[in-house]
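Note that the sequence shown covers residues 1 to 303 in full-length UniProt numbering. I have placed the structure first, in the form of structure tokens, so that the comments after it can refer back to it.
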Amino acid sequence: MQIKWIDDILAVAELKNFSRAAEVRCITQSALSRRIRSLEEWVGVELVDRGTYPVQLTAAGRTFCEQGRETLADLQELRATLRRGDRMPGRSIQVTAGHSLSMTFLPKWLMRFQRGNAGFNARVVAANIHDAVIALAEGGCDLMIGYHHPQAPILLDPEKFISLTLGHDSLIPVSAPDKRGKPLHALPGKKQAPLPYLAYTATTFLGRVVDVILKNAETPCLLDRCYEADMAMLLMKMAQEGYGVTWLPESAVQDELHKGTLVRAGGPDWSAGLEIRSYCSVANANPTMRELWKSLEAERRPA
């Protein structure tokens with residue numbers, strides 16, 4: 001049994017809708033349904049009455065949620081206590097950042113920010129957006145840094161969490177070059193020869209943004225989904241080897257574009273602007289984190 005399955009059924013119990021619960025849990029509806037089924041197999045009884053609308057829990061499901069909520073709270077408190085004891089010494093914060101940002105944006109940002117503020121230690125964990133949101137919500141980190149797009153928002157309670165914009169990036173289509181330096185796989189592709197598409201897995205944030213780009217495109221894009229990965233750097237390596245077209249943060253491929261090992265596979269219509277945002281819990285009591293957040297807010301204010 002996995003702890004995340006308890007969160008899954010609690011979301012279904014609260015929202016009474018599999019689709020909305022899946023959005024809150026940052027997974028697909030089919031993945032949520034599979035996880036609820038797995039939980040029911042582990043318990044040995046049905047927890048959800050799928051014959052009603054809106055979705056209702058069975059009597060066993062209600063009992064499970066009542067006890068599961070208390071058990072989950074106890075486990076989370078225990079974990080938070082253990083993590084507090086495992087913090088880095090002195091003035092320190094714990095940061096969870098998206099995989100790409102942890103390698104491109106975060107090191108430079110930390111160095112610049114520490115030069116202008118009192119020094120502090122930082123423990124950085126790279127994670128996908130789903131795990132990063134859970135870490136922030138459950139107190140596993142002080143600061144979460146991730147991408148934001150208005151049509152693929154991160155669902156956090158605005159009364160419990162605040163955010164600030166730290167910078168901007170773009171999600172751009174790229175391909176290996178041909179012998180003339182042109183994209184080997186240029187958008188939008190042809191009906192008789194769809195482009196091999198190196199895609200993000202369905203639950204990734206950047207994958208959702210690519211879906212928005214393709215949905216909003218004036219010209220249909222003809223793609224053959226031939227490879228999937230949940231990390232941008234894996235897709236970049238595949239693209240460099242000529243396996244297909246993919247979308248990557250511009251900050252992650254600056255060197256490759258400069259060296260010519262990758263080229264843009266389409267114009268601005270095939271790209272999307274991204275915000276780089278920091279997120280913090282309103283209830284965060286770490287004094288170092290609170291000082292850092294005040295400094296971030298001061299940077300955002302006009303002179």
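All C-beta atoms in this analysis are idealised placements derived from N, C-alpha and C, irrespective of residue type, glycine included.
Rounded to whole angstroms, the separation of the alpha carbons of G44 and T63 is 14 Å. Pairing W5 with H258, the inter-Cα distance amounts to about 45 Å. By the C-beta criterion, the stretch 130 to 147 is judged to be in contact with the stretch 90 to 98, since at least 3 inter-stretch pairs fall below 8 Å. Look at the beta carbons and you see the stretch 112 to 127 not touching the stretch 236 to 251: under three pairs across the two are nearer than 8 Å.
When beta bridges are read from the DSSP output, P158 appears opposite no residue. In this structure, DSSP gives I134 a helical state, which the three-state scheme calls helix. For T288, the CB contacts under 7 Å within the same chain, skipping 5 residues up- and downstream, are R91, S92, I93 and F120 in chain order.
In its chain, beyond the 5 residues on either side, F105 and I276 have a beta carbon closer than 7 Å to the beta carbon of G167. With distances taken between CA atoms, E14 lies nearest to Q56 out of R37, A186 and Q56. Take P183, set aside five residues on each side of it, and the residues of its chain with a beta-carbon closer than 6 Å to its own are S175, V263 and A265, in chain order. Boundaries of the alpha helix (DSSP H) harbouring E256: Q254 to K259, taken from the DSSP string. With a 10 Å radius around the Cβ and a threshold of 16 neighbouring Cβ atoms, G181 comes out exposed.
Given a length threshold of 3 residues, each whole run of the beta strand (DSSP E) inside the stretch 54 to 128 is given here in chain order: 92 to 98 and 121 to 127. Taking 8 Å as the cut-off, the beta carbon of G273 is found no closer than this to the beta carbon of L195. DSSP lists I276 as the bridge partner or partners of G167. Exclusion of the five residues before and after A199 leaves R225 and E228 as the residues of its chain whose Cβ lies within less than 6 Å of its Cβ.
Rounded to whole angstroms, the Cβ separation of D49 and R25 is 20 Å, and the two are not in contact under 8 Å.
Taking the Cα positions, Q240 is about 10 Å away from G260.
Between P177 and the set K190, E256, A202 and A193, the nearest pair of CA atoms involves E256.
Taking a 10 Å sphere around the C-beta of E218, we find fewer than 16 other C-beta atoms and assign the residue as exposed. Here M236 is buried: its Cβ has 16 or more other Cβ atoms, across all protein chains shown, within 10 Å. R225: not part of any alpha helix (DSSP H); member of the beta strand (DSSP E) spanning L223 to A229, first to last residue. A residue is called buried when at least 16 other Cβ atoms come within 10 angstroms of its Cβ; A135 meets this threshold and is buried. Looking at the DSSP output, K190 bridges to A193.
Setting aside the 5 residues that flank it on each side, S102 is surrounded in the same chain by V124 and A126, each with a C-beta closer than 7 Å to its C-beta; the list follows chain order.
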